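>
Protein chains: 2
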Amino acid sequence: MPTSEGQELKRAGLKVTLPRMKILEILETAEPSHLTAEDIYRRLLESGEEIGLATVYRVLTQFEAADLVHRHHFEGGQAVFELDRGHHHDHIVCMECGHVEEFYDEMIEARQKAVAAEAGFDISDHSLILYGRCKRSDCPNRRDALAS
Amino acid sequence: MPTSEGQELKRAGLKVTLPRMKILEILETAEPSHLTAEDIYRRLLESGEEIGLATVYRVLTQFEAADLVHRHHFEGGQAVFELDRGHHHDHIVCMECGHVEEFYDEMIEARQKAVAAEAGFDISDHSLILYGRCKRSDCPNRRDALAS
DNA sequence: ATGTATGCAAAACATTTGCACCTGG
DNA sequence: CCAGGTGCAAATGTTTTGCATACAT
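Going down the list, the sequences are from chains H and S.
Everything in the first sequence is counted per my numbering, starting at 4 for the first residue and increasing by one.
Everything in the second sequence is counted per my numbering, starting at 4 for the first residue and increasing by one.
1) If you draw a straight line from the C-alpha of His75(S) to the C-alpha of Glu85(S), how long is it?
2) Within 8 Å, do at least three Cβ pairs link the segment 90-97 of chain H to the segment 118-135 of chain H?
3) Under a CB-based cut-off of 8 Å, is Val59(S) close to chain H?
4) So, at 6 Å on beta carbons, what are the nonlocal neighbours of Leu30(S) in its own chain, with the 5 sequence-adjacent residues on each side left out?
5) Please determine, among Glu41(H), Leu71(H), Arg88(H), the residue with the shortest C-alpha to C-alpha distance to Arg14(H).
6) Among residues of its own chain, excluding the 5 on either side of Val19(S), which ones have a beta-carbon nearer than 6 Å to its beta-carbon?
7) Tell me the rounded alpha-carbon separation between Arg46(S) and Thr32(S).
8) Out of Ala117(S), Val62(S), Cys100(S), Glu109(S), which one is the CA nearest neighbour of Arg23(S)?
9) Where does Asp93(H) sit, in a helix, a strand or coil, going by DSSP?
10) Determine the chain S residues that contact His76(H) at a beta-carbon separation under 8 Å, and present them in chain order.
11) Check each residue of the segment 112-135 of chain H: if its Cβ is closer than 7 Å to any Cβ of chain S, include it; give the result in chain order.
12) With a threshold of 8 Å between beta-carbons, can Asp70(S) be considered close to chain H, or not?
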């Protein structure tokens, strides 16, 4: 019985290997869903896998090329990776606790297109990130400050 | 007679030194107005100044803290710096030639605020970058591809 | 003078790459 | 079996830092 991970990999034209399976599995079950390469590496080690950080980067780069994941450059140096679940969205990042919230706004998307057309650009991608503070005390995912 | 650069530095609470003056001057007269630290370093060397790259980074970081400049993280690894001329705007970046165009859209700004409020965030900053291709043949500022 | 800024070289990081070995189909 | 994938270590590219010297006030 082929796993769903295995099928996804084949569909993407990638050989089904253990590192790729494991990394995909981590991305699929990750909570929160935005992880750095090191986050993934650490989780692999924790679950006893002998996978190198270089492989994590290589696999993530392949996944990105295959549109399985997106790479975001939030503030703080490290890129974060997120599984493409088919629904485009933008991000709000809490600079106090690192919590990431997703949103999608039809009007913003439309205005972006209009603005690009006006400027004579063919847009292939965009990045919209709001930085701020979530006022909730139950803020999950507390990690080192992302703030500059 | 104090130069305008000198006054700006004093206003920002920074001691008036030659490296700071020169770097501020480069930022003020830069065309295009988005420069990497290396861009600035190269221009300093070209005009015969003996200023280290480390100093360029230190000064830019201080300028950023003093809100004299903004630091943007376009794709391609290097941060780019831009003088704060008092008018907030977002960016369209051509992935073929690196040309950067600025835009401001009231509706997008308004929607961002609304979205943030809905999510319970206090927004302190945001980053909106559109990536694409400018179709013009007279595309200025041709540099190494920024594309991934 | 005196505390801060600077230059240089070395460190710190995130990420990529070379290469010998291992593995999936 | 054999192309491609992986681990490790070393290289890369950007940005930061330690420290002795130089400078602004």
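Beta carbons: idealized from backbone N, C-alpha and C, even for Gly.
A quick note: this is a predicted structure, and the numbers were derived from the prediction, not measured.
From the atom records:
1) Working through the second sequence from its first residue, we reach residue 75(S) at position 72. Working through the second sequence from its first residue, we reach residue 85(S) at position 82. Near 8 Å, if we compare the C-alpha coordinates of Glu85(S) and His75(S).
2) yes
3) Residue numbering aside, residue 59(S) sits at position 56 when the second sequence is read from its first letter. The beta carbon of Val59(S) sits no closer than 8 Å to any beta carbon of chain H.
4) Within the second sequence, numbered from 1, the residue matching residue 30(S) stands at position 27. The beta carbon of Leu30(S) sits closer than 6 Å to those of Leu86, all from its chain and outside the five residues before and after it, given in chain order.
5) Position 11 of the first sequence, counting from 1, holds the residue named residue 14(H). Selected option, being the one with the closest Cα: Leu71(H).
6) To locate residue 19(S), count along the second sequence from 1; it is residue 16. Beyond the five residues adjoining it in sequence on each side, Val19(S) comes within less than 6 Å, by CB distance, of Gly9, Leu12 in the same chain, given in chain order.
7) In the second sequence, residue 46(S) corresponds to position 43, counting from 1. In the second sequence, residue 32(S) corresponds to position 29, counting from 1. If you take the alpha carbons of Arg46(S) and Thr32(S), they lie about 12 Å apart.
8) Against the second sequence, residue 23(S) aligns to sequence position 20. When only C-alpha atoms are compared, the closest one is Val62(S).
9) If you number the first sequence from 1, residue 93(H) lands on position 90. Asp93(H) carries a strand assignment under DSSP once its states are collapsed to helix, strand and coil.
10) If you number the first sequence from 1, residue 76(H) lands on position 73. Under the 8 Å cutoff, chain S gives His76, Glu78.
11) Arg114, Gln115, Val118, Ala119, Ala122, Gly123, Phe124, Asp125, Ile126, Ser127, Asp128, His129, Ser130, Leu131, Ile132, Leu133, Tyr134, Gly135
12) If you number the second sequence from 1, residue 70(S) lands on position 67. No - not a single Cβ of chain H is within 8 Å of the one on Asp70(S).
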